[in-house]
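K.L.:
First the structure, which I've put down as structure tokens, then a few questions once you've had a look.
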Amino acid sequence: MAAAALSSAAKGALLPRARGAHGGLARALLLGGASVTAGGRGGGGSSGLLRRRQSSLPQLDHVDRSDEESGGEIDWDNLGFGLTPTDYMYVMRSSPEDLGAFPRGELCRYGNIELSPSSGVLNYAQGLFEGMKAYRRPGRPGYTLFRPEENAQRMQHGAERMCMPAPSVDQFVSAVKETVLANRRWVPPQGKGALYLRPLLMGSGPILGLAPAPEYTFLIYAAPVGNYFKEGLAPINLVVDDEFHRAMPGGTGGVKTIANYAPVLKAQMDAKSKGFTDVLYLDSVHKRYLEEVSSCNVFVVKGGVVATPAIRGTILPGITRKSVVELARDRGYKVEERLVSIDDLIDADEVFCTGTAVVVAPVSTVTYQGRRHEFRTGPDTVSQELYTTLTSIQMGLAEDSKGWTVAVD
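What follows is the structure, given as structure tokens:
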């Protein structure tokens, strides 16, 4: 669906407001790509606020670039994992009168959005996100998504935990497909990377007291990406942090809420300043069992047995993790989902991480309490075998006998 094909009524609804509630010019604060309008009064109980639209979309650009072949002047051979603005994003809203449903979504030009200063996402971190990739198919037109229904179901699970409505699986997958097609010129050539898709679900309505927001926004934007870590496909180096913890029992570690990520930045920045790639976190109770890395799950290999921390509410149920567990079993490995201690890690032959962004990343060293432990990497390792198997399916280079991939034409 090209954005230029939207009805004139829809185009009018997408125009951002230029003035605040009292006619004065709105003050805009740029917050990570979102323009937050400071006009009008905050507060959760005002019927006037509920009647006014507290968020709006960028103005439509009538130039449809979705059929162009390439994305600007990108050097595809040196594509990292950073934000390259693309052409379109997808937005869908649920208002109080929608009773938890998302009645209709639209494509619009990628750009800043307006939020009330008292929106639930800004004040109480009522938000979730997902991460996905679209690959260009080899030898024929079209693109491939990897298990998008799993992302949709995980968002629904997280939304229940965060007291938010969520799009249906069909709505989610359809919106992702539309976003890919609208930004098709930004999908890297085969073997050069992928179009990363970031679905967001947030409490966009105004609320002053601690309570669920009255309005919700589902949004998808996209960016072409290469390797996540600066090391590229080279092995990474982790440090175990036994002071900071990513999650705790009874918390939100098992859902992909935005609130889980900023708290790890301090430990991550400290680690990077010392030359490490990322941080491996331990459980917050015993401080001896592995949980996960800042943005990915972790596996250890010993004597042909592949082990990964069990999903018990503090670890994100990664879709790549789930897929790697199944592929490893298919290839004859014994896979254990259990408590994995720091001693298990120290004694391991191999260590690797999994995630949508990192795919399967081999770990060269892990430093714990000042001592560095080294692990096998390179060819003829379990991680390399699983990386090749997984990416061949994702990129359409191997038969998908499991039905994991979804075509986008």
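Heads up: the sequence shown begins at 162 in the numbering used here, then just goes up one per residue. Glycine included, each C-beta is placed from N, C-alpha and C at the ideal position.
Could you tell me if T595 is buried or exposed, where buried requires 16 or more neighbouring beta carbons within 10 angstroms of its beta carbon?
P.N.:
Since the first residue of the chain shown is 162 and the last is 570, residue 595 is not available in this structure.
K.L.:
Rounded to whole angstroms, what is the Cα-Cα separation between G281 and L244?
P.N.:
When rounded, the distance between both Cα atoms is 25 Å.
K.L.:
Restricting to Cα atoms, I'd like to know which of L356, C269, V334, F333 is closest to L240.
P.N.:
Minimum Cα distance to L240 is reached at L356.
K.L.:
Jot down the residue ranges of each uninterrupted beta strand (DSSP E) in the stretch 491 to 569, minimum 3 residues, whole runs only, in chain order.
P.N.:
495 to 499, 511 to 516, 520 to 529, 532 to 535, 566 to 569
K.L.:
Please report the distance separating the alpha-carbon of P396 from that of V524.
P.N.:
5 Å
K.L.:
Comparing alpha-carbon positions, which option in K353, V461, G266 lies nearest D504?
P.N.:
The residue with the shortest Cα to Cα distance from D504 is V461.
K.L.:
Relative to the alpha-carbon of V519, which residue among A559, Q555, Y389 has its alpha-carbon at the smallest distance?
P.N.:
Y389
K.L.:
Does S365 get closer than 8 Å to chain C when you measure Cβ to Cβ?
P.N.:
Absent here is chain C; the protein component of the structure consists of one chain.
K.L.:
Around the C-beta of R213, are 16 or more other C-beta atoms found within 10 angstroms, so that it is buried, or is it exposed?
P.N.:
Here the model assigns R213 a pLDDT of 45, short of 50, so the residue's position is not dependable and the matter cannot be decided.
K.L.:
Curious, which full-length beta strand (DSSP E) runs of at least 3 residues does the stretch 298 to 367 contain?
P.N.:
304 to 307, 355 to 364
K.L.:
Have a look at R315 and I368 and give me their C-alpha separation to the nearest angstrom.
P.N.:
For the pair R315 and I368, the Cα-to-Cα distance works out to about 26 Å.
K.L.:
Threshold first: 4 residues or longer. Then list the alpha helix (DSSP H) segments lying entirely within the stretch 423 to 505, N to C.
P.N.:
426 to 434, 480 to 491
K.L.:
Output the boundary residues of the beta strand (DSSP E) element that contains V282.
P.N.:
Careful: V282 lies outside any beta strand (DSSP E), inside the alpha helix (DSSP H) at 281 to 285.
K.L.:
Would you kindly work out how many angstroms separate the C-alpha atoms of T413 and L547, rounded to a whole number?
P.N.:
29 Å
K.L.:
Pick out whichever of F379, L371, V440, T418 has its Cα sitting closest to the Cα of D402.
P.N.:
Measuring C-alpha to C-alpha distances from D402 to each of F379, L371, V440, T418 identifies V440 as the nearest.
K.L.:
Is the beta carbon of L443 sitting closer than 8 Å to the one on V527?
P.N.:
no
K.L.:
If you draw a straight line from the C-alpha of P264 to the C-alpha of E310, how long is it?
P.N.:
19 Å
K.L.:
Going by DSSP, name the residue or residues bridged to S255.
P.N.:
Looking at the DSSP output, S255 sits in a beta bridge with Y377.
K.L.:
Going straight from the alpha carbon of R492 to that of S562, what length do you get?
P.N.:
Computed Cα separation, rounded: 14 Å.
K.L.:
Would you kindly report the start and end of the unbroken beta strand (DSSP E) that includes R270?
P.N.:
266 to 270
K.L.:
Using beta-carbon positions only, say whether V512 and L551 come within less than 8 Å of one another.
P.N.:
no
K.L.:
Applying the 10 Å Cβ sphere with the 16-neighbour rule, what's the burial state of H447?
P.N.:
exposed
K.L.:
Leaving out the 5 sequence neighbours to the left and right, which residues in its chain are closer than 6 Å to S118 when beta-carbon positions are compared?
P.N.:
Lying before the first or after the last residue shown, residue 118 is absent from the chain, which here runs from 162 to 570.
K.L.:
Please state whether DSSP places D403 in a helix, a strand or coil.
P.N.:
coil
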